[in-house]
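Read through the structure below, which is laid out as structure tokens, and then see the notes.
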């Protein structure tokens with residue numbers, strides 16, 4: 337019997353998951369926690385800031401980056417959504433549109449506030 341889409345999904349799920357980043361980073365930790373909550377086995381690959389390797393993984397030279405087989409995702413929100421939707425396990429985000437909007441609103445407000453304060457403190 338030929339292997340259809342179910343085999344392809346199983347191959348994708350079983351592919352190695354690599355998180356490129358640094359352990360102390362809150363963004364890297366967020367991605368790793370999402371993997372842990374979903375039961376996704378992964379490994380952390382440290383990457384040096386400003387390195388050619390980092391620039392080859394992320395167009396803006398930021399962390400974290402997730403690689404899963406042939407899929408590469410950067411930016412924490414995009415990565416955590418990918419992890420939530422690509423793997424079996426408990427949902428990491430609300431199922432309804434209103435719940436997701438509130439989640440996105442709160443996350444955006446926190447990121448904006450932290451970013452603005454950091455500019456004045458630095």
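Residue numbers (the working numbering): 337 to 458. From the three backbone atoms N, C-alpha and C, an ideal C-beta is built for every residue, glycine too. Please read all numbers here as calculations on a predicted model, not as lab measurements.
Where the beta strand (DSSP E) through residue i begins and ends
i           : result
residue 428 : It is not in any beta strand (DSSP E) - residue 428 carries neither H nor E in the DSSP assignment.
residue 401 : 401-404
residue 367 : Not the beta strand (DSSP E): residue 367 falls in the alpha helix (DSSP H), residues 362-374.
When the options are compared against residue i, the one with the closest alpha-carbon
i           : options       : result
residue 370 : 353, 384, 434 : 353
residue 358 : 392, 401, 432 : 401
Distance, residue j Cα to residue i Cα
i           : j           : result
residue 347 : residue 364 : Low confidence applies to residue 347: its pLDDT is 45, below 50, so where it sits in the model is not reliable, and the reading given next is rough at best. So the two alpha carbons sit approximately 25 angstroms from each other.
residue 436 : residue 380 : 28 angstroms
residue 372 : residue 399 : 18 angstroms
Run of the alpha helix (DSSP H) containing residue i, from where it starts to where it stops
i           : result
residue 419 : 412-422
Integer-rounded CB distance, given that residue j should sit under 8 angstroms from residue i
i           : j           : result
residue 355 : residue 423 : No, residue 355 and residue 423 are not in contact; Cβ-Cβ is about 14 angstroms, not under 8 angstroms.
residue 374 : residue 425 : 4 angstroms
Checklist entry - Are the region 383-398 and the region 434-450 touching by the rule of at least three beta carbon pairs closer than 8 angstroms? => result In short, these stretches do not touch, since the Cβ pair count stays below three.
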